[in-house]
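Asks: Got a structure here, written out as structure tokens. Questions coming.
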Ligand code: DC
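In my numbering, the protein residues as written are -1 to 210.
Okay, structure coming up:
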């Protein structure tokens, strides 16, 4: 079983995906980490984020053992990730890793921007998570502060809106809802409410499949 969870930055899709995976005993991949790791490699080497050759080399040399580096979670790395993720050759270099992960038994939950549309168009369940930008900014600010980072909510909101625009308007694999994805509006749900709604969607999909 493959479950695709897409949505904009700070929509809550990451937590939802992690909790869904735990609920079903599936593997979970936060695919944003791949783009963040590429961005961090370029920033660390002092290379331009638009340097395609360096970015592709970094994508090919990714070390999954370093995906839990807390530095990858920073706001600056997320913004840089949005820039490198617009390079089609970078996306291509990361595709096989994501598809292999998605095929791991007994199932996998992947969250990102293009999972339901490009990486796993065959996913049995696709959920597109949205939430009001102001609510996302509030949540992201609190998360950053909990990590000990200084965060200004107005600046976080501006970053979210800029990132949404860049992720939606890029030519390759833009952020968009797959035609067969169900919309989950997380604006007024807390974590438990979101998880319950997502489980209900998965259960409905499973029931539908077992009827045919
Ligand atoms: O979900 P995130 O904030 O960790 O993602 C960081 C950036 O990576 C995001 O702004 C766009 C890019 N990304 C992508 O293009 N495709 C994905 N599947 C996941 C992330």
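Ideal placement from N, C-alpha and C gives every residue a C-beta, glycine not left out.
Quick one: Cα of residue 189 to Cα of residue 75, how far?
Replies: Their Cα atoms are separated by approximately 25 Å.
Asks: Run through the DSSP bridge pairs and tell me what residue 128 is partnered with.
Replies: Beta-bridge pairing links residue 128 to 183.
Asks: Rounding to the nearest angstrom, what Cα-Cα distance links residue 93 and residue 117 in this structure?
Replies: Cα-Cα distance, rounded: 7 Å.
Asks: Indicate the three-state DSSP secondary structure (helix, strand or coil) for residue 192 in the structure shown.
Replies: Residue 192: helix per DSSP, three-state reduction.
Asks: When burial is assigned at 16 or more other CB atoms within 10 Å of the CB, is residue 185 buried or exposed?
Replies: The residue is exposed, with fewer than 16 neighbouring Cβ atoms inside 10 Å.
Asks: To the nearest whole angstrom, what separates the beta carbons of residue 182 and residue 123, a pair I think is in contact under 8 Å?
Replies: That belief does not hold up - the Cβ atoms of residue 182 and residue 123 are roughly 11 Å apart, past 8 Å.
Asks: Helix, strand or coil: which one does DSSP assign to residue 67?
Replies: The answer is coil: DSSP assigns residue 67 none of H, G, I, E or B.
Asks: By DSSP, does residue 106 sit in helix, in strand, or in coil?
Replies: Strand, per DSSP.
Asks: What does the alpha-carbon distance come out to for the pair residue 145 and residue 59?
Replies: Cα-Cα distance, rounded: 28 Å.
Asks: Have a look at residue 104 and residue 23 and give me their C-alpha separation to the nearest angstrom.
Replies: Straight-line Cα distance between these residues: approximately 8 Å.
Asks: Sorted by chain position, which residues of the same chain lie with C-beta nearer than 8 Å to residue 130's C-beta, five sequence neighbours on each side aside?
Replies: Around residue 130: 185.
Asks: Under 7 Å from any heavy atom of the ligand DC, does the C-beta of residue 113 make it?
Replies: Result yes, Cβ under 7 Å from the ligand DC.
Asks: Name the two residues that bound the continuous beta strand (DSSP E) containing residue 1.
Replies: Residue 1 -> beta strand (DSSP E) spans 0 to 4.
Asks: Does the separation of the CB atoms of residue 34 and residue 193 fall below 8 Å?
Replies: Taking 8 Å as the Cβ cut-off, residue 34 and residue 193 do not qualify as a contacting pair.
Asks: Shorter than 7 Å, the distance from the beta carbon of residue 165 to the closest heavy atom of the ligand MG, or not?
Replies: Looking at this structure, you won't find the ligand MG anywhere; what it does contain is the ligand DC.
Asks: What are the complete beta strand (DSSP E) segments, minimum 3 residues, inside the region 8 to 40?
Replies: You should have 25 to 28.
Asks: Compare the Cα-Cα distances from residue 211 to each of 77, 101 and 2 and report the closest residue.
Replies: Residue numbering for the chain in the displayed model covers -1 to 210; residue 211 lies beyond these limits and cannot be assessed.
Asks: Among the residues of its own chain, which have a CB less than 6 Å from the CB of residue 149, if the five just before and after it don't count?
Replies: So the list reads 139, 142 and 143, once near-sequence residues are dropped.
Asks: Is residue 114 closer than 8 Å to residue 4 when the C-beta atoms are compared?
Replies: Yes, they are a contact pair.
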